[in-house]
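First up is the structure itself, then whatever we jot down about it.
If you want it as structure tokens, here you go:
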């Protein structure tokens with residue numbers, strides 16, 4: 001399996017604190033040794049850092065913890081390979097373009113019969129993972145449904161939720177996907193989230209001896225949501241998502257969900 | 001204007017030496033202060049490092065010079081903005097997917113009336129540069145010409161050459177583009193290349209006090225071609241390309257050209 005991490009914020013915010021915890025799970029406090037990647041959006045542009053090496057020992061991962069890139073949306077993934085060998089083309093997140101936006105996708109789980117059940121035509125995978133295949137299928141379906149006309153975000157991501165539900169029938173499909181403005185998460189069996197806003201407090205990482213006082217790092221107007229496979233801090237209350245639940249975040253706020 | 005750098009090699013080779021020279025032109029020995037980017041192919045996968053900051057002062061650029069990523073194809077660009085503001089989405093190289101491959105593109109020059117003259121439909125730009133627009137148009141044209149069927153490489157890049165000639169009518173269009181296996185270069189007014197092979201010798205960078213003895217870094221079978229806007233070393237013979245000339249490299253060797 002793998003671990004996912006995402007952030008959605010209303011002001012450009014760095015993810016150094018959360019990433020410092022997560023990267024330890026890539027070969028140190030966790031077994032996810034088969035590569036890692038992180039994508040930062042800055043406006044409509046994005047940049048990724050990726051390494052097929054374990055994050056706990058990667059000089060690029062160290063740079064990411066030390067160089068505070070400020071972003072309103074971040075997608076991150078550390079991999080424990082189950083489908084597709086360990087190589088760069090199988091390393092998440094995957095980024096492709098649609099409607100003049102960068103779409104970034106990371107998946108945790110495993111899918112059976114994906115080649116038969118998710119036929120693709122337009123968006124052809126580069127690597128051999130079930131994850132990238134499902135991403136390509138999802139983009140194909142978005143194209144069939146909406147063609148050249150990008151719909152409003154709730155219509156769009158409600159449809160992504162429907163597609164995710166279909167993919168989930170093939171196995172385990174915890175998903176994080178972003179178009180730079182929205183961050184969408186779909187839970188198959190394991191996903192948590194937390195929204196931090198004023199009054200900010202202290203937080204203590206589970207995987208590294210690092211504490212942060214968010215009061216010192218933020219202003220009263222900041223709203224920052226973090227989504228992760230497992231909680232990253234042990235002194236805050238994380239929301240556990242239910243199987244089949246999805247949440248749509250936009251600039252830090254939850255704007256839609258199927259939660260009853 | 002901007003500066004381009006590319007590498008094509010028959011064995012995974014690092015570009016630390018050449019990049020150490022080029023990065024100095026981004027705000028130190030040259031005026032190209034408006035961002036930089038480099039894309040490394042490793043098999044079918046690729047990873048990019050990008051920064052809208054000057055390369056001469058970028059911690060990410062320093063990492064790239066110190067961390068020897070071994071690659072068979074590299075595309076690099078340092079930017080002096082003339083079309084489109086300085087931001088991440090306008091920072092080259094641009095990467096998009098076609099036929100299950102990553103295509104990476106960087107342009108030096110300036111194009112007039114590109115929005116009217118190069119209509120696009122399928123591949124929609126994310127930023128506002130003439131460069132990305134021309135890349136999107138080029139991919140649209142490849143799709144119209146070959147649809148789902150990727151042709152052999154000489155047919156494919158001969159057609160890219162034809163498209164480049166058409167784009168060049170709009171201004172200055174020095175191009176480097178790669179699908180991971182081939183590196184194609186098209187000269188509008190300024191592009192040089194060199195192929196290094198046994199017997200290897202010494203080389204001295206123009207832009208930094210760095211010398212290398214390639215004999216110590218290579219084996220007798222290595223073949224490495226470097227393409228650059230201006231020569232990077234002052235004690236080797238670089239081939240100057242002529243306006244309208246194109247060269248196709250594959251794993252270090254020149255395999256096709258329109259040179260008479």
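Residue numbers (the numbering used here), protein chains in the order written: chain A, 1 to 260; chain B, 1 to 260.
Beta carbons: idealized from backbone N, C-alpha and C, even for Gly.
What you are looking at is a predicted structure, and each value in this text was computed from that prediction instead of being measured.
Counting only C-beta atoms, is residue 132 of chain A closer than 8 Å to chain B at any point?
Residue 132 of chain A does not count as touching chain B.
Can a CB atom of chain B be found closer than 8 Å to the CB of residue 48 of chain A?
Closer than 8 Å to some Cβ of chain B, the Cβ of residue 48 of chain A qualifies, so yes.
Taking one C-beta from the segment 117–135 of chain A and one from the segment 77–90 of chain A each time, how about it: are there three or more such pairs within less than 8 Å?
Contact between the segment 117–135 of chain A and the segment 77–90 of chain A is present, because at least three Cβ pairs lie under 8 Å.
Quick check: what's the CA-CA separation for residue 235 of chain A versus residue 191 of chain A?
Answer to the nearest angstrom: the Cα atoms are 18 Å apart.
Taking Cβ-Cβ distances shorter than 8 Å, what residues in chain B pair up with residue 43 of chain A?
Residues of chain B whose Cβ lies closer than 8 Å to the Cβ of residue 43 of chain A are, in chain order, 87, 88 and 89.
How many Å lie between residue 210 of chain A and residue 149 of chain B at the Cα?
In a straight line, the C-alpha of residue 210 of chain A is about 53 Å away from that of residue 149 of chain B.
Which residues, taken in chain order from the segment 91–108 of chain A, show a beta carbon closer than 9 Å to some beta carbon of chain B?
Of all residues in the segment 91–108 of chain A, 91, 95, 96, 97, 98, 99, 100, 101 and 102 have a Cβ within less than 9 Å of some Cβ in chain B.
Boundaries (first-last residue) of the alpha helix (DSSP H) holding residue 16 of chain A
Looking at the DSSP string, the run of the alpha helix (DSSP H) that includes residue 16 of chain A is 16–24.
Chain-order list of residues whose beta-carbon lies under 6 Å from that of residue 256 of chain A (same chain, five-residue window excluded)
For residue 256 of chain A, where only same-chain residues beyond five positions count, the Cβ hits under 6 Å are 154 and 248.
Suppose only complete runs of 3+ residues qualify. What are the beta strand (DSSP E) ranges in the segment 169–247 of chain B, listed by chain order?
As far as the segment 169–247 of chain B is concerned, its whole beta strand (DSSP E) runs of at least 3 residues are 171–178, 182–186, 192–196, 202–204, 211–213 and 224–228.
Rounding to the nearest angstrom, what Cα-Cα distance links residue 12 of chain A and residue 199 of chain B in this structure?
The straight-line gap from Cα to Cα measures roughly 52 Å.
Closer than 9 Å by beta-carbon distance: list the chain A residues that pair up with residue 30 of chain B, in chain order.
Within chain A, no residue comes near residue 30 of chain B; the closest Cβ sits about 23 Å away, beyond 9 Å.
Would you check if there are 3 or more beta carbon pairs closer than 8 Å linking the segment 135–147 of chain A to the segment 215–228 of chain A?
The segment 135–147 of chain A is not in contact with the segment 215–228 of chain A.
According to DSSP, which residues form a beta bridge with residue 36 of chain A?
For residue 36 of chain A, the pairing in a beta bridge is given by DSSP as A:51 and A:78.
Can you list, in chain order, the residues of its chain whose CB lies under 6 Å from that of residue 22 of chain B, leaving out five sequence neighbours each side?
Taken in chain order, the residues that qualify are 5.
Contacts of residue 63 of chain B in chain A (Cβ-Cβ under 8 Å)
Chain-order list of chain A residues neighbouring residue 63 of chain B: 59, 60 and 63, by C-beta distance under 8 Å.
Please report the straight-line C-alpha distance between residue 8 of chain A and residue 226 of chain A, rounded to a whole angstrom.
Each residue's Cα considered, the two are about 7 Å apart.
Please name the residue or residues paired with residue 256 of chain A in a DSSP beta bridge.
According to DSSP, residue 256 of chain A bridges with A:248.
Give the straight-line distance between the Cα atoms of residue 67 of chain A and residue 46 of chain B, rounded to the nearest whole angstrom.
The straight-line gap from Cα to Cα measures roughly 22 Å.
Going by C-alpha to C-alpha distance, which of B:222, B:165 and B:230 sits closest to residue 245 of chain B?
Residue 245 of chain B has its Cα closest to that of B:165, out of B:222, B:165 and B:230.
Sort out for me which residues DSSP pairs residue 8 of chain A with in a bridge.
For residue 8 of chain A, the pairing in a beta bridge is given by DSSP as A:73 and A:225.
For my contact list, residue 64 of chain B and residue 39 of chain B are in at a C-beta cut-off of 8 Å; report their separation, rounded to the angstrom.
Taking 8 Å as the upper bound for CB-CB distance, residue 64 of chain B and residue 39 of chain B are not in contact here, some 11 Å apart.
Residue span of the alpha helix (DSSP H) that contains residue 65 of chain B, given as start and end
Where residue 65 of chain B is concerned, the enclosing alpha helix (DSSP H) stretches over 59–66.
Determine the closest residue to residue 31 of chain A out of A:206, A:37, A:79 and A:72, with distance taken between C-alpha atoms.
Considering only alpha carbons, the answer is A:79.
Short of 8 Å Cβ to Cβ, which residues in the segment 116–129 of chain A face chain B?
121, 123, 124, 125, 126 and 127: these are the residues of the segment 116–129 of chain A whose beta carbon lies less than 8 Å from some beta carbon of chain B, given in chain order.
Tell me, to the nearest whole angstrom, how far the beta carbon of residue 176 of chain A is from that of residue 106 of chain A; I am working on the premise that it is less than 8 Å.
Contact between residue 176 of chain A and residue 106 of chain A holds: CB atoms are separated by about 5 Å, below the 8 Å threshold.
Residues of the segment 66–79 of chain A in Cβ contact with chain B at a cutoff of 7 Å, in chain order, please.
Answer in chain order: 67.
My understanding is that residue 133 of chain B touches residue 115 of chain B, with C-beta atoms under 8 Å, so please give their C-beta distance in whole angstroms.
With a contact defined as Cβ atoms closer than 8 Å, residue 133 of chain B and residue 115 of chain B qualify at about 7 Å.
For residue 180 of chain B, collect the residues of the same chain with a Cβ closer than 7 Å to its Cβ; drop the 5 residues on either side in sequence, then sort them by chain order.
Taken in chain order, the residues that qualify are 41, 44, 46, 73, 101 and 102.
Buried or exposed: where does residue 122 of chain A fall if 16 or more other Cβ atoms within 10 Å of its Cβ makes it buried?
Under this definition residue 122 of chain A is an exposed residue.
Can you name, in chain order, every residue of its own chain whose Cβ lies under 6 Å from the Cβ of residue 252 of chain A, other than the five neighbours on each side?
Annotation for residue 252 of chain A: 8, 9, 10, 223, 224 and 225 place their beta carbon closer than 6 Å to its own, counting only its chain and skipping 5 residues before and after.
Cutting at 8 Å between CB atoms, please list the residues of its own chain near residue 184 of chain B, excluding the five before and the five after it.
The answer, listed in chain order, is 157, 160, 161, 175, 176, 177, 178, 246, 247, 248 and 249.
Bounding residues of the alpha helix (DSSP H) (the contiguous stretch that carries residue 137 of chain B):
Start and end: 130–146.
According to DSSP, is residue 111 of chain A helix, strand or coil?
Correct three-state label for residue 111 of chain A: strand.
Span of the beta strand (DSSP E) around residue 97 of chain B
Unbroken beta strand (DSSP E) run through residue 97 of chain B: 94–98.
Is it buried or exposed for residue 35 of chain B, if we count other Cβ within 10 angstroms and need 16 for buried?
By the 10 Å Cβ count, residue 35 of chain B comes out buried.
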